[in-house]
Structure formats: C-alpha cells, structure tokens
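Each residue of the sequence shown is one higher than the one before, starting from 69 at the first, in my numbering. Where a beta carbon is used, it is the ideal one built from N, C-alpha and C, also for glycine. Because the structure is a prediction, the values reported are computed rather than measured.
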Amino acid sequence: MLPHRGVTQGKSRLSAVLDQAQRATLNRWLIEHTLRVVIEALGDAQQCVLVSPCTQTLALARARGARVFCDQGAGLNGALGAATHEAASLGSQQVLVVPCDLPLLDAAALHAMMGLSTTHNTVIAPDAHERGTNALLLRIATASFAFGDDSFSQHSAQAHTRGDTVAVCRHPSLTFDLDTPGDFYAWRRDHAQAGALLSAS
69 MLPHRGVTQG KSRLSAVLDQ AQRATLNRWL IEHTLRVVIE ALGDAQQCVL
119 VSPCTQTLAL ARARGARVFC DQGAGLNGAL GAATHEAASL GSQQVLVVPC
169 DLPLLDAAAL HAMMGLSTTH NTVIAPDAHE RGTNALLLRI ATASFAFGDD
219 SFSQHSAQAH TRGDTVAVCR HPSLTFDLDT PGDFYAWRRD HAQAGALLSA
269 S
C-alpha cells in the first residue's frame with residue numbers, strides 16, 4: 069500500500085522552500101516514481117493499493133493500473149487499517165506499506181523487504197534518524213499501524229507485543245525521506261534530478 073496526502077496537500081512542511089505549484093509538481097513526481105518502482109519490483113500494479121484523500125492522486129494511480137482506496141477522514145492509520153481489511157478480502161496474506169515520499173526508492177529496496185519477510189513476521193525500515201517508519205511489511209491477519217511521531221519504536225513495540233519475529237531493513241534507498249526543508253536541500257544538493265524537476269515546473 070502506498071499512502072500519500074495528495075497532489076495539493078502533500079509535503080506541506082516544505083512550504084517554506086517550495087511554493088504551491090512546486091509542491092504539486094514534486095508530489096506528482098513522488099507518486100509516479102513510487103508507482104514505477106512498485107511496477108518494476110512486482111511486474112505490474114495489480115497488487116498495489118494507493119491510499120489517499122486526493123482525487124487527483126487516486127486518478128494518477130488508476131491510470132497506472134493500481135487499485136485505490138479513498139481516505140475519507142479516518143486519518144492515515146485508520147485508512148491503512150481499512151484498506152488492509154479490503155486487501156484481506158481479496159486473499160492477500162501480507163501488506164507492504166511504502167509512503168510516497170522516498171525519492172531514492174528502488175526495486176532492490178522492495179526486494180530486500182520482501183526477502184526478509186520469508187523469515188520474519190514483521191519487517192520495518194526506519195528513517196535515517198531511526199524515529200520514523202519509511203516502509204513496513206506485516207502479516208495482514210495481525211496488522212496494526214502507528215505512523216506518526218516515533219513510529220519506528222511504536223511499530224517495533226507492537227510487533228513484539230504480537231509475538232512477531234522482527235527484522236530491521238536499513239537499505240540505503242529506504243532511509244532517506246523528504247520531510248523537512250533540510251531533507252529537500254540535501255536531495256537537491258546530491259541529486260541533479262531534484263533541480264531539473266522543479267525548474268521544469
């Protein structure tokens with residue numbers, strides 16, 4: 069599952085360095101980039117569910133062949149829980165949650181997560197500060213979500229409470245997320261793609 073607030077609402081914390089049009093351009097790129105990586109890793113988007121309250125975002129996902137789930141105000145964790153319930157009804161056994169704010173994400177990172185899930189019930193990819201959760205793989209039957217402040221420690225605690233075996237995946241393509249102006253400046257400094265993307269908007 070790929071959660072995202074939406075083309076116009078996402079990445080609001082970058083409003084100090086990007087205007088609304090630039091944030092919309094960045095959000096569209098992040099959504100498309102994440103979908104491309106998922107399709108590369110899985111072969112198609114049939115098993116992918118994008119979760120968002122934004123109609124533009126849902127339309128982008130549908131155009132790539134992904135399923136969509138509209139967050140109707142339940143909040144991220146509530147929407148993920150509801151979408152997971154729907155996925156369970158389709159016969160899925162596991163759920164992999166990858167937020168659409170990982171500009172370095174690649175198929176190798178998703179394969180690393182899935183590989184660890186063959187021997188562990190829960191796989192967590194923390195951010196570089198080991199506070200947030202940048203990817204999470206769980207058994208659907210016992211899935212629960214705690215995205216927000218200190219979500220890495222909360223997801224770890226939930227998994228241990230369930231009695232899960234837990235693996236931590238620190239793949240370099242998963243540790244960097246675009247959350248703060250500092251993150252954006254670091255991405256622009258190290259990756260010419262960032263500057264080219266926004267100069268074209």
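Q.
According to DSSP, is alanine 142 part of a helix, a strand, or is it coil?
A. In the structure shown, alanine 142 sits in coil (DSSP, three-state: anything other than H, G, I, E or B).
Cα-Cα, which of Gly231, Glu100, Leu206 is closest to leucine 148? Residue Leu206 holds the alpha-carbon nearest to the alpha-carbon of leucine 148 among Gly231, Glu100, Leu206.
Practice prompt. Would you mind stating whether leucine 110 and alanine 134 have Cβ atoms separated by less than 8 Å?
Written response: No.
(Q) Going by beta-carbon coordinates alone, are isoleucine 192 and threonine 201 separated by less than 8 Å? (A) Yes. Within cutoff.
- Message: Only counting the same chain, and skipping five residues up and downstream in sequence, which positions put a Cβ closer than 7 Å to that of alanine 155?
- Response: Within the same chain, and ignoring the five residues on either side of alanine 155 in sequence, the residues whose Cβ sits closer than 7 Å to its Cβ are Val117, Val163, Ile208.
Residue from Asp245, Gly216, Leu242, His72 with nearest C-alpha to alanine 124
Before going on, a small fix: residue 124 reads as glutamine here, not alanine. Closest option to glutamine 124, Cα to Cα, is His72.
Q.
Suppose contacts are defined by Cβ-Cβ distances below 8 Å. Is aspartate 169 in contact with leucine 246 by that definition?
A. It is a contact, given that the beta carbons lie within the stated cut-off.
Cβ-based burial, aspartate 139 [other Cβ within 10 Å; buried from 16]: Aspartate 139 should be labelled buried.
query = At which residues does the beta strand (DSSP E) containing arginine 207 begin and terminate?
reply = Its beta strand (DSSP E) spans residues 201-207.
Which parts of the segment 156-244 are runs of the beta strand (DSSP E), unbroken and 3 residues or longer, counting only runs that do not cross its ends?
-> With a minimum length of 3 residues, the continuous beta strand (DSSP E) runs that stay inside the segment 156-244 are 162-165, 190-194, 201-207, 234-236.
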